[in-house]
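Chains as they are written, first to last, in the numbering used here: chain X, 1 to 426; chain P, 427 to 498. Even glycine gets a Cβ: it sits at the ideal position worked out from N, Cα and C.
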Amino acid sequence: MQLKRIFTLVMFAVHISGSAQQAGSSGPTSIASGIINGKTETTGLKSDSSKVDLDDIDITFLSSYYEQDGNHAAVTGGTGTEYLNNIAPSVIINFPVDTVRSLSLLGGVDYYSSASSDNIDNPALDPDHVSGESSSDLRGYATLGYKVKNKSKSTEKGVSLGFSKEFDVVSGQIGASWGKASKDNNRSISLKGSYYYDNWKLIAPIELRETTNYATNVRHTGSISLTGVTVLNTRMKMSLTSDLTVQQGLLSTPFHRVYFIDEALARVENLPDFRYKIPTAIRLNYAISSDVIFRSFYRYYWDNWGVQGHSMKVELPIKIRKVFKVYPFYRYHVQSAADYFQSFQAHVSGTEFYTSDHDLSAFTTHKYGAGIKWSPFEGIGNWNTPWKKGYKSYFKSIEFRYAHFNRSDGLEADIFTLALQFRLAR
Amino acid sequence: MRAIFYKIVLAFVFIQLASCAQVKGYQMMYLNDEDMNLVDGSAESFEQGFQTYREGASGSNGSKVGGGCGCN
């Protein structure tokens, strides 16, 4: 009798554990999760384990409008309007090929109109000047990326290929990356390298086209970036990033004018054909609560042209009822002037290198604004996908962001950005 | 220049050794938040672009470091 009871209990226990296993491994509710590059990924396992549900395809539509104005246009020697507006739609697609490989595609266009570029053919800043082809331009670009993870070694490798074209510059880009995380995901290190090849169509200011010669129309840019990330405690993590960028070739802008104190005619901007830059940045994020996070960024910049800069940014995302997020931000930047910079008509002839481009002058900038994001749990406007019964596609989130930028030399800019995230079920 | 290089190397060594805590997976509920990612959001990419054009400094923030456009 005793043995019979024990036998019944054992059989009952076996039945219970078998049911639990079956329930746990059925359908996409069974989850194996990991943290890679700060994102949580999920793969669902079916009960027979022969079919693996892959991550969905994420598509982000971005669109921005940018407008600026100032009074130190480099095209006219450091004086004159800097009015410019830019409409820039783009799309980012992340496509998981399988559980370890993924593809990404970034593509977009920039359509911009620029009052200062229009003055390439208007050195006297004649207000009756009729706008020409240089008053606007369209730039198209695309970058394709491919990544492979090795989950047993916690490493990830990637390559990328890019292209962009506007009227006077055609550019190609290649890149590679490698990253490794510690087994407990408390630390990681990554290395990225990239190379850009730019080919310029040399367009000098109209009055200087007969007399200007350029040594080259090609620019090479190579860069390596090293990033270390560490978790400090359950609420805080930080990263340190350091880059080395080297540029060689045509580093002047072919249609920028420079006026001299002792010369009547302008010359085309002339800068050295070699430059290297060493920016180093630190980020620190702290979770004040589950709804409020403090994000901070600091960068020190140094280059061999004499520019040194400090940039600081703080951002405070605040979640409201878990589906809304409001995030105000503020950024401050200060830099010293490049060795070759002088303002309008301040250069003295006899100098080997010279520019009046105020982007290379000494100034401070302030950028401030806020964003709002709505991302309901069930998505926005979901619909059935005809190729996969029972699965839905939906808009994951809508985000709107506004920033105002001002520079101490009088340049002001506004930028509006709309981001729509869409999830395509597989 | 050499001083900057040595400081960067020391900072990287420090950051890798100074992970003060070993946080277990089940303790990472705050760290796993999307806003705790140590990168800028995609909506900020355009601002990074014009900052690269309008300032002499660039890099170390995930944005373009030069090339591909008529920028410094």
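Any C-beta of chain P under 9 angstroms from that of residue i
i	result
ASP243 (chain X)	yes
VAL326 (chain X)	no
SER64 (chain X)	yes
ASN217 (chain X)	no
THR360 (chain X)	For the sequence presented, residue 360 (chain X) should be read as Leu rather than Thr. Answer yes: the Cβ-Cβ gap between LEU360 (chain X) and chain P drops below 9 angstroms somewhere.
ILE415 (chain X)	yes
LEU411 (chain X)	yes
VAL323 (chain X)	no
VAL159 (chain X)	no
GLN345 (chain X)	no
ARG235 (chain X)	yes
HIS333 (chain X)	yes
ILE92 (chain X)	yes
GLN342 (chain X)	no
VAL231 (chain X)	yes
VAL75 (chain X)	no
PHE422 (chain X)	no
PRO272 (chain X)	no
VAL268 (chain X)	no
ALA32 (chain X)	Any reading at ALA32 (chain X) needs caution, since the residue's pLDDT is 27, under 50, leaving its predicted position unreliable; the model's value is listed next. Not one chain P Cβ lies under 9 angstroms of ALA32 (chain X).
SER26 (chain X)	Confidence is the limiting factor: at SER26 (chain X) the pLDDT is only 33, short of 50, which leaves the residue's position unreliable and the question unanswerable from this model.
PRO205 (chain X)	no
TYR354 (chain X)	no
THR155 (chain X)	no
For residue i, the residue or residues it bridges with in DSSP
i	result
ASN285 (chain X)	X:LYS237 and X:ARG295
GLU399 (chain X)	X:LYS373 and X:ALA419
ALA362 (chain X)	ALA362 (chain X) is not bridged to any residue.
VAL159 (chain X)	X:TYR146 and X:ALA176
LEU226 (chain X)	X:LEU191 and X:SER242
GLN68 (chain X)	X:LEU84 and X:ALA413
ALA264 (chain X)	DSSP, once it has assigned bridges, lists no residue as partnering ALA264 (chain X).
SER252 (chain X)	Beta-bridge pairing links SER252 (chain X) to no other residue.
PRO279 (chain X)	X:TYR301
TYR456 (chain P)	BP columns for TYR456 (chain P) are empty, so no partner.
Spatial neighbours of residue i in its chain, beta-carbon cut-off 8 angstroms, leaving aside the 5 residues before and after
i	result
SER343 (chain X)	HIS72, GLY78, SER356, HIS358 and SER361
GLY475 (chain P)	SER489 and LYS490
ASP273 (chain X)	ALA215, THR216, GLN248, GLY249, LEU250 and LEU251
LYS153 (chain X)	LYS180
GLY410 (chain X)	GLY70, ASN71 and HIS72
For residue i, three-class secondary structure by DSSP
i	result
TYR259 (chain X)	coil
ASP414 (chain X)	strand
ASN119 (chain X)	helix
MET312 (chain X)	strand
LEU420 (chain X)	strand
GLU378 (chain X)	coil
GLN448 (chain P)	coil
ALA74 (chain X)	helix
TYR111 (chain X)	strand
GLU470 (chain P)	helix
TYR479 (chain P)	helix
ASP303 (chain X)	strand
ASP461 (chain P)	helix
GLY485 (chain P)	coil
LYS153 (chain X)	coil
ASP58 (chain X)	strand
PHE428 (chain X)	Any question about residue 428 (chain X) goes unanswered here, given that chain X covers just 1 to 426.
VAL169 (chain X)	strand
THR355 (chain X)	strand
Spatial neighbours of residue i in its chain, beta-carbon cut-off 6 angstroms, leaving aside the 5 residues before and after
i	result
LEU284 (chain X)	MET238 and SER296
LEU226 (chain X)	LEU191 and SER242
GLU166 (chain X)	ASP137 and ARG139
TYR66 (chain X)	ASN86 and ILE415
THR221 (chain X)	TYR196 and GLN247
PHE95 (chain X)	ILE57 and LEU103
LEU144 (chain X)	LEU105 and LEU161
GLY175 (chain X)	SER160 and SER194
ARG219 (chain X)	ASP198, GLY249 and LEU250
PHE61 (chain X)	VAL91 and LEU420
ILE35 (chain X)	Because ILE35 (chain X) carries a pLDDT of 30, less than 50, the predicted location of this residue cannot be relied on, and no value is offered for it.
LEU260 (chain X)	Residue 260 (chain X) is actually Phe in this sequence, not Leu. Excluding residues within five positions, the ones whose Cβ falls inside 6 angstroms are HIS347 and SER349.
ASN382 (chain X)	LYS392 and TYR394
Other residues of its chain near residue i: CB distance less than 7 angstroms, five sequence neighbours each side excluded
i	result
VAL97 (chain X)	LEU103
PHE353 (chain X)	ASN270, LEU271, PRO272 and TYR340
Any non-hydrogen atom of the ligand MN within 8 angstroms of residue i CB
i	result
LEU240 (chain X)	Ligands in the displayed structure: none, and consequently the ligand MN is not present.
Residue-chain proximity (residue i, chain X), Cβ-Cβ < 9 angstroms
i	result
ASN487 (chain P)	yes
> Can you list, in chain order, the stretches of the beta strand (DSSP E) that have 3 or more residues and sit fully within the stretch 183-223 of chain X?
Replying inline: Those beta strand (DSSP E) runs which fall completely within the stretch 183-223 of chain X and span 3+ residues are 187-200.
>> Going residue by residue through the stretch 313-353 of chain X, where are the continuous beta strand (DSSP E) segments of at least 3 residues, counting only ones entirely within it?
In response: For the stretch 313-353 of chain X, the full-length beta strand (DSSP E) segments reaching 3 residues or more read 318-320 and 324-335 along the chain.
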